[in-house]
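Each protein sequence line maps, in turn, to chains A and B. If you read the first sequence in the numbering used here, its first letter stands for residue 22, the second for the next number, and so on. If you read the second sequence in the numbering used here, its first letter stands for residue 22, the second for the next number, and so on. From the three backbone atoms N, C-alpha and C, an ideal C-beta is built for every residue, glycine too. Computed from a predicted structure; not experimentally measured.
There are 2 protein chains.
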Amino acid sequence: MNPDNIRIVLVNTSHPGNIGGVARAMKNMGLGRLYLVAPRDYPNEQAVWRAASANDVLDNAIVVPTLNEAIGDCQFVVGTSARERRIPWPLLDARQCAARMAEASGREQVAVLFGREDRGLTNEELKVCNLHLNIPTSGEYSSLNLAMAVQIVAYELRMLSSDNETPVSDAQEWDAPFASRDNMERFYTHLEEALVDIEFLDPAAPRQLMSRLRRLYSRVRLDEMELNILRGILTETQKWVERGKNSER
Amino acid sequence: MNPDNIRIVLVNTSHPGNIGGVARAMKNMGLGRLYLVAPRDYPNEQAVWRAASANDVLDNAIVVPTLNEAIGDCQFVVGTSARERRIPWPLLDARQCAARMAEASGREQVAVLFGREDRGLTNEELKVCNLHLNIPTSGEYSSLNLAMAVQIVAYELRMLSSDNETPVSDAQEWDAPFASRDNMERFYTHLEEALVDIEFLDPAAPRQLMSRLRRLYSRVRLDEMELNILRGILTETQKWVERGKNSER
């Protein structure tokens, strides 16, 4: 595990005190990289006060206007989520998820996204994630404070760093680097374009098609070579559509 | 485990906001019994504000002047502690300790003590404990916020509670059945055929292409609906190849 490759991304945080609380929770557990996507009220002295001796984490925090700018170079993106979502997605609890993140952080950039205090991450934001993370809570009151949620995830990561046993998975000795978020987005754009070209996707009635395909490919975590193969297939397919259209002229 | 037999005891808390944060952290994890030993500034609206929807926990909190009154009827007392204490004492991390507390709570009254924000529990207070609990932290900044410490212990207890359906995973509660081996083979045959049709795959020099694609799709575990989408795309693509070839005749 390499904590320097793990970033905490807070999306549209309302309360600056929570940002400070997050910074402290991170530093307590040995994490240092904080991204703030369009915070509502920041900088703010409440953040500084709650950060206590973690002001360096706040000082180094990167504020960006969009989620893409926070995670564009990441190969592994985790979104925190309530349990009941409409489209099922690979969902693990914080402990299982921390194991996956720790492992990936050895060779990849990893991001964990935390949503708004009042309504979490949007479905659009959740769809860019490879994995969803759920923190088990009581059914009677399941809404965790934002900084508390970060604390639990950071703690689970910490428990792995002091452990000697490194969790293993099939991803460990992969022969090509995994695709970055930016390249995945380019692929989805290309895919959508090609599906419109072959008239499989009707832009006027797209239904759930692209969501389903996004879910499929984010589940698999494509490596760069696979991405090149798939894009090559799309390009060849589009050439045939051109030829086919010429035949009808 | 019986959460009704577990109480959280805060000793000499300075900041009322932390008391509210503790109440919320407890309720989120299914704990309800809070004892406040000589809090410095309580009741206070900061506590109410930070408790959010856990006001019932605050309302039911028992305020006592001495530690003995908070734990007199307990059979099992755990004290949170930094790692370096002068007096050697049985010391476990939060996870191990939660397991012991959960077990004891089946038949005994269990208390977990959390000390002052600035200097924790005194040696006198630690001596009344059966066990000391330490939360692993980074050596660079080991001082956890009080409510965060309670959150982690409550979370570890939650992870042990039996009514905790662990949300898993890649397979459970998926919205479509996973594809059978036979259907996967039919898909690979169709895929290979289509790649030859669009002249992306040269049957005379196939290289590793199909192996790579097989590896990709077997990694993802396709469900039947996804398989249908992918086969639909292949069929449409093949139609365009037909049209394109006609144009060249």
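Rounded straight-line distance, which links the Cα of residue j to that of residue i
i                     : j                     : result
residue 59 (chain A)  : residue 90 (chain A)  : 11 Å
residue 199 (chain B) : residue 236 (chain B) : 16 Å
residue 150 (chain B) : residue 57 (chain B)  : 17 Å
residue 225 (chain A) : residue 141 (chain A) : 30 Å
residue 35 (chain B)  : residue 143 (chain A) : 38 Å
residue 159 (chain B) : residue 169 (chain A) : 17 Å
residue 33 (chain A)  : residue 62 (chain A)  : 9 Å
residue 80 (chain B)  : residue 238 (chain A) : 49 Å
residue 96 (chain A)  : residue 55 (chain B)  : 43 Å
residue 22 (chain B)  : residue 133 (chain A) : 32 Å
residue 118 (chain B) : residue 201 (chain A) : 40 Å
residue 193 (chain A) : residue 267 (chain B) : Its pLDDT being 46, under 50, residue 193 (chain A) is placed unreliably by the model, and nothing is read from it.
residue 264 (chain A) : residue 130 (chain A) : 41 Å
residue 188 (chain A) : residue 99 (chain A)  : At residue 188 (chain A) the pLDDT is 34, less than 50, meaning the model places this residue with poor confidence and gives no usable figure here.
residue 41 (chain B)  : residue 179 (chain B) : 19 Å
residue 155 (chain A) : residue 164 (chain A) : 11 Å
residue 229 (chain A) : residue 246 (chain B) : 11 Å
residue 67 (chain B)  : residue 85 (chain A)  : 31 Å
residue 197 (chain A) : residue 258 (chain A) : 25 Å
residue 31 (chain B)  : residue 210 (chain A) : 54 Å
residue 242 (chain A) : residue 203 (chain A) : 13 Å
residue 112 (chain B) : residue 147 (chain A) : 40 Å
residue 208 (chain A) : residue 260 (chain A) : 17 Å
residue 248 (chain B) : residue 240 (chain A) : 14 Å
Beta bridge counterpart(s) of residue i as assigned by DSSP
i                     : result
residue 36 (chain A)  : Beta-bridge pairing links residue 36 (chain A) to no other residue.
residue 143 (chain B) : Answer is none; residue 143 (chain B) lacks a bridge partner.
residue 101 (chain A) : A:154
residue 28 (chain A)  : A:54 and A:132
residue 137 (chain B) : B:141
residue 113 (chain B) : B:154
residue 149 (chain A) : Its beta-bridge partners do not exist; DSSP assigns none.
residue 85 (chain B)  : B:58
residue 199 (chain A) : A:244
Among the options, the one whose alpha carbon lies nearest that of residue i
i                     : options                       : result
residue 234 (chain A) : B:244, B:225, B:94 and B:234  : B:244
residue 25 (chain A)  : A:126, A:67 and A:141         : A:126
residue 29 (chain B)  : B:37, B:43, B:22 and B:23     : B:43
residue 87 (chain B)  : B:255, B:136, B:210 and B:204 : B:136
residue 39 (chain A)  : A:64, A:204 and A:114         : A:64
residue 138 (chain B) : B:249, B:101 and B:120        : B:101
residue 121 (chain B) : B:152, B:240, B:31 and B:214  : B:152
residue 82 (chain A)  : A:48, A:257 and A:201         : A:48
residue 45 (chain A)  : A:37, A:73 and A:257          : A:73
residue 212 (chain B) : A:163, A:250 and A:115        : A:250
residue 181 (chain B) : B:41, B:31 and B:52           : B:52
residue 94 (chain B)  : B:229, B:66, B:27 and B:165   : B:27
residue 17 (chain A)  : A:128, A:214 and A:162        : Any property of residue 17 (chain A) remains undetermined from this structure, which presents chain A solely from 22 to 270.
residue 123 (chain B) : B:177, B:78 and B:262         : B:177
residue 114 (chain B) : B:92, B:147 and B:157         : B:157
residue 162 (chain A) : B:77, B:162, B:269 and B:128  : B:77
residue 109 (chain A) : A:92, A:232, A:71 and A:269   : A:232
Closer than 8 Å to chain A by CB, residue i
i                     : result
residue 157 (chain B) : yes
residue 254 (chain B) : yes
residue 214 (chain B) : no
residue 268 (chain B) : yes
residue 223 (chain B) : no
residue 139 (chain B) : no
residue 162 (chain B) : yes
residue 66 (chain B)  : no
residue 247 (chain B) : yes
residue 116 (chain B) : yes
residue 100 (chain B) : no
Min CB distance residue i to chain B below 8 Å
i                     : result
residue 240 (chain A) : yes
residue 210 (chain A) : no
residue 172 (chain A) : yes
residue 261 (chain A) : yes
residue 136 (chain A) : no
residue 22 (chain A)  : no
residue 258 (chain A) : yes
residue 35 (chain A)  : no
residue 56 (chain A)  : no
residue 124 (chain A) : no
residue 46 (chain A)  : yes
residue 25 (chain A)  : no
residue 31 (chain A)  : no
residue 201 (chain A) : no
residue 41 (chain A)  : no
residue 234 (chain A) : yes
Pair every Cβ in the segment 210 to 227 of chain A with every Cβ in the segment 166 to 173 of chain A, then say whether three or more of these pairs are closer than 8 Å.
-> no
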